[in-house]
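A.B. asks: For reference, the structure I am asking about is given below.
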Amino acid sequence: YCLSFIAVSAREASLLSPARRAERVDELATCLADLLVASREYRQGRAVKWATAVHRCLPWCPISKRFGNYTFVMYLVTKLAGLAVLLLQLELMRQFLGFQSLSYGAELMRNITMGLDWEITMVLPRLGACRFSFPDRTSVISITPYCTISSNIFTEKVYIILWFYFVLAAIVNSASILLWLRRFLLTRSRCQCLRSLIRGCGCPRTDQDETWLERFEFEFIRIDGLFFLWMIRLNCGHIVTGEIVRNIFCDFVRKMERSGGSGGARGAEASLTDSTVATEQYHL
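For the sequence shown, our numbering puts the final residue at 410, and the numbers step up evenly by one.
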């Protein structure tokens, strides 16, 4: 299964009738669960054991598809690269125009509104001296009148528009990065995201819900799975995404209880705290 197939199918499911949507949601939940299981770490060895121990303490390390954080980290790297390109473009424009700070777009706008000419700004002069020569009967007459440099007037407006566009794009990109980090940086925030996804979708609630939710996030869904679900929510709506999460979560709880899992805190039973073993039990 691929993410594009799941996203397109979820989008189609949001347009179906409730009965047909429920059937499609069951298929999507199975597809997404299989995709998450396929990306598990099943290899053995001392290095894998050390990496797993580090991952238990720091879910962001090591960065690997097998530990369920690679896709989200690469998404953040892509957004950071886009932010770096925007800042680089602002710096190149500043160097070309000769300003001292990156707020040159606002300075150009202020100079225009205050009527300051190029003698003060020393950037993109609007007037220039144009020398003309024409023959007379006995000599060549040269005059030097002032003329308007229309290309600089147009170029000045273009630089102002580009500056505001780059600054706005950088602000939006930075806010998006901070928002994604706020959602997924801490375990509590990730559980809160899952809770918001399954809220109101009819998933049975018990006293052990919080424990199961933490185990579901840490042992099965992980950062990449939550990222997939959140992207589906942004593109397909809350209803379909909530139903997908509800099906996966309820199935996870049911099969873990059937396999002998207890509702205690994580670490109560070694066989269930191991994420690989928990996933294998999920498919029993």
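We put the beta carbon where it would ideally sit given N, CA and C, even for glycine.
1. Starting from the N-terminal side, write out each stretch of the alpha helix (DSSP H) that is 4 residues or longer and does not extend beyond the stretch 197-279.
2. Establish whether the CB of Ala-148 and some CB of chain B are separated by less than 8 angstroms.
3. If you follow the alpha helix (DSSP H) that Ile-132 is part of, which residue opens it and which one closes it?
4. CB-CB under 6 angstroms to Arg-137, same chain, minus the five flanking residues each way: which ones, in chain order?
5. Taking 8 angstroms as the threshold, find out whether the stretch 249-258 comes into contact with the stretch 273-286 through three or more Cβ pairs.
6. Note down the Cα distance separating Asn-278 from Tyr-230, rounded to an integer number of angstroms.
7. Can you give the Cα-Cα distance for Asp-296 and Arg-341, rounded to whole angstroms?
8. Tell me which residues share the same chain as Ser-140 and place their Cβ nearer than 8 angstroms to its Cβ, disregarding the 5 neighbours each side in the sequence.
9. Are the beta-carbon atoms of Cys-317 and Trp-356 separated by less than 8 angstroms?
10. For Ser-259 and Ser-268, which I take to be in contact (beta-carbon distance under 8 angstroms), what is that distance rounded to the nearest angstrom?
11. Given a threshold of 16 other Cβ atoms within 10 Å of its Cβ, counted over all protein chains shown, does Leu-154 qualify as buried or as exposed?
12. Identify whether Gln-170 lies in helix, strand or coil by the three-state DSSP scheme.
13. When you compare only the Cα positions, how much space is there between Glu-217 and Val-211?
14. Would you call the CB atoms of Gly-351 and Ile-324 closer than 8 angstroms?
15. To the nearest angstrom, report how far apart Val-203 and Leu-223 are at their CA atoms.
16. Can you name, in chain order, every residue of its own chain whose Cβ lies under 8 angstroms from the Cβ of Ile-132, other than the five neighbours on each side?
17. According to DSSP, is Cys-187 helix, strand or coil?
18. Taking the Cβ atom as the reference point for each residue, do Ile-349 and Lys-205 lie within a distance shorter than 8 angstroms?
C.D. replies: Looking at the atomic coordinates:
1. Listed in chain order, the complete alpha helix (DSSP H) runs (minimum 4 residues) inside the stretch 197-279 are 230-240 and 244-247.
2. No chain B is part of this structure, which consists of one protein chain only.
3. Taken as a continuous stretch (DSSP letters only), the alpha helix (DSSP H) holding Ile-132 covers 129-139.
4. Answer for Arg-137: Cys-362, listed in chain order.
5. Taking a cut-off of 8 angstroms on C-beta distances, the stretch 249-258 touches the stretch 273-286, as three or more cross pairs fall below it.
6. Our two residues, Asn-278 and Tyr-230, have alpha carbons roughly 16 angstroms apart in a direct line.
7. This sequence places Ala at residue 296; Asp is not what is there. C-alpha separation (whole angstroms): 37 angstroms.
8. Leaving aside the five residues that flank Ser-140 on each side, the residues in its chain whose CB is nearer than 8 angstroms to its CB run, in chain order, Arg-147, Cys-362, Gly-363, Ile-365 and Val-366.
9. No; because the gap between Cβ atoms is not below 8 angstroms, this pair is not in contact.
10. The distance from the Cβ of Ser-259 to that of Ser-268 is about 5 angstroms, consistent with a contact at the 8 angstroms cut-off.
11. Per the 10 Å Cβ criterion, buried.
12. In the structure shown, Gln-170 sits in coil (DSSP, three-state: anything other than H, G, I, E or B).
13. C-alpha separation (whole angstroms): 10 angstroms.
14. Their beta carbons are not under 8 angstroms apart, which means Gly-351 does not touch Ile-324 by this criterion.
15. When only Cα atoms are considered, Val-203 and Leu-223 end up about 30 angstroms apart.
16. So the qualifying residues of the chain are Leu-154, Cys-157, Leu-158, Leu-161, Phe-354 and Ile-358.
17. Here DSSP, grouped into helix, strand and coil, assigns Cys-187 to coil.
18. No; because the gap between Cβ atoms is not below 8 angstroms, this pair is not in contact.
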